[in-house]
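2 protein chains.
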Amino acid sequence: MLGVVFRAYVKAAEHVLSDLPGGPRGYQVLSAAVDDRPRNQVAIGQELGVDRTILTYLIDDLEKQDLVTRRPDPADRRSRLIVATDRGRSAWQAHRDALRRAETHVLRALPEGDVTVFRDLLQRIACDAQTRDPLKDLCEVVQPTS
Amino acid sequence: MLGVVFRAYVKAAEHVLSDLPGGPRGYQVLSAAVDDRPRNQVAIGQELGVDRTILTYLIDDLEKQDLVTRRPDPADRRSRLIVATDRGRSAWQAHRDALRRAETHVLRALPEGDVTVFRDLLQRIACDAQTRDPLKDLCEVVQPTS
DNA sequence: TATTGTTATACTCTATAACTATA
DNA sequence: TATAGTTATAGAGTATAACAATA
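Quick note, the sequences are listed as chains A and B, same order.
In terms of full-length UniProt numbering, the first sequence opens at residue 1 and continues consecutively.
In terms of full-length UniProt numbering, the second sequence opens at residue 1 and continues consecutively.
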């Protein structure tokens, strides 16, 4: 069920973000670039769980469309801070809104109150999954003879 | 949040099913093979949303480990029905149980009652997503000027 | 002519390794 | 010596096209 729902959301998100370079991933990078505290490519890569070599191509494409720029980091001349341009900022806002509508659309089977409950439960699971290492203590659990 | 939870589940599932050829996908094929009504490769492919060319390799690997067999279809000599062997059946049961424990583990942040609520909400969303074409009516929703 | 399963090929995505420039 | 970013190359996974057998 989780897979079905996730795929439905991904499909909707891919559709909504298809005109952005890199699709959903490009949107995530753009989100990081819009943020107040600009980060370099390594930081964004860790945050998104993608390799830094992939980010090079991705940011190349975003930069070609004038959505983000590589700004030199005053503190470290090796590092480039990724910041959104004005075009990137408005593109991000438009896509964020479209994404929200798509999300509502995926959850349309639930009445409004249940959507809130679902979000709350999902957040508790997600927080728990992020704080702990998912595999570390799983090994003990899955063994039939524990 | 959906992505975080889904990835946590996938990671746990991959770990639990890693000794099966094809990992989670191999398990899904095995599940179809265990079913009472055996299907051919095209039917399984449609059910799982994978290409039939991939199934050829996947079933090759499962057959090599004596988990499933290609049985001739008495109704159509072109078609091969995929059925689980005895080994495949017991392997499936063991992995199904391990998967259930892994699932419980992912949801361990929720008290038992909330797990039931979460499952129920998820099922309603999933059913809705499966019955309708996710993209068909999405186009009208995401347009800012509708 | 269409369909099932197979095979070979090509493509996409991602990771690995080597390189430059800085620290 | 280690790190940020880039580039080229290699690999996994997947899809496309052609094929034989059958409907």
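Even for Gly, the Cβ is constructed at its ideal location relative to N, Cα and C.
Small disclaimer: the values here were computed from a predicted structure and weren't measured.
Taking C-alpha atoms, which residue in A:R7, A:G113, A:D60 and A:G3 lies nearest to A:V29? A check of alpha carbon separations from A:V29 across A:R7, A:G113, A:D60 and A:G3 identifies A:D60 as the nearest.
Rank B:L99, B:S90 and B:L107 by C-alpha distance to the C-alpha of B:A33 and give the top, closest one. B:S90
Determine the direct distance from the alpha carbon of A:P21 to that of A:A74, and round the result to whole angstroms. The question names Ala, yet the displayed sequence has Pro at residue 74 of chain A. Cα to Cα, the separation comes out at about 28 Å.
So for B:R78, helix, strand or coil by DSSP? strand
Within 8 Å of chain B by C-beta, residues of the stretch 102–134 of chain A in sequence order: A102, T104, H105, V106, L107, R108, A109, L110, D114, V117, F118, R119, L121, L122, Q123, R124, I125, A126, C127, D128, A129, Q130 and P134
In chain B, which residues lie with their C-beta within 7 Å of the C-beta of A:Y9? L2
Throw me the rounded Cβ distance for the B:R52 and B:Q41 pair, which I believe falls under 8 Å. 6 Å
Any idea what DSSP makes of A:S146, helix, strand or coil? Residue confidence for A:S146 is low, a pLDDT of 36 falling below 50, so the modelled location carries little weight; the figure read from the coordinates is stated next. In the structure shown, A:S146 sits in coil (DSSP, three-state: anything other than H, G, I, E or B).
Which partner residues does B:R39 have in the DSSP bridge list? B:I82
Nearest-angstrom Cα distance between B:R108 and B:V4? 15 Å
Let me make sure I understand the geometry here. Which of A:R132, A:I125 and A:A84 has the alpha-carbon closest to that of B:F6? A:I125
Quick check on DSSP: helix, strand or coil for B:V68? In the structure shown, B:V68 sits in a strand (DSSP, three-state: E or B).
So that I know if they touch, is there some Cβ in chain B lying closer than 9 Å to that of A:V5? So, interface residue.
Enclosing alpha helix (DSSP H) for A:R132 [first to last residue]: Unbroken run through A:R132: none, as it is neither H nor E.
Go ahead and pull the three-state DSSP assignment for A:D51. In the structure shown, A:D51 sits in coil (DSSP, three-state: anything other than H, G, I, E or B).
Using 10 angstroms around the beta-carbon of A:Y9, count the other beta-carbons present and answer buried if the total reaches 16, otherwise exposed. buried
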